[in-house]
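Numbering (the working numbering), first residue to last: 81 to 198. From the three backbone atoms N, C-alpha and C, an ideal C-beta is built for every residue, glycine too. Every value quoted in this text rests on a predicted model; they were computed, and no experiment measured them. The block underneath contains the structure these notes are about, expressed in structure tokens.
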């Protein structure tokens with residue numbers, strides 16, 4: 081099994097910045113995609129950003145240009161630098177990773193709250 085532990089959430093005013101980090105541990109062979117999803121109250125969980133093992137990235141349109149995802153394949157970590165935060169970014173943010181051993185398996189962190197409010 082693989083465990084994902086997030087850190088870095090909190091409260092910030094509009095226009096501020098936060099950095100989320102996630103560390104994977106356990107039975108890791110080669111994590112493929114690592115990324116971040118978020119879920120706001122009353123809404124479905126949505127992809128924020130993801131990064132492939134080789135470094136290719138994808139972002140939700142709503143965060144493009146404001147958020148930057150990065151990863152360290154040696155340390156098995158993924159980070160999300162969030163700048164110019166808006167109230168609509170308020171949500172619980174979940175770290176995600178997957179790998180294939182005998183079959184594809186997805187892993188999720190426990191979630192960290194990000195609140196953007198004046």
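Which residue or residues does DSSP assign as beta-bridge partners of residue 161? Looking at the DSSP output, residue 161 sits in a beta bridge with 99 and 148.
Between the C-alpha atoms of residue 135 and residue 177, what's the straight-line distance to the nearest angstrom? 14 Å
Cβ pair count under 8 Å reaching 3, the segment 86-100 against the segment 148-160: yes
What three-state label does DSSP hand residue 141 in the structure shown? coil
Return the bridge partner residues of residue 118 from the DSSP annotation. Listed as beta-bridge partners of residue 118 by DSSP are 126 and 173.
Using a Cβ-Cβ cutoff of less than 6 Å, which residues in the same chain neighbour residue 172 once the five nearest sequence positions on both sides are dropped? 119, 191 and 193
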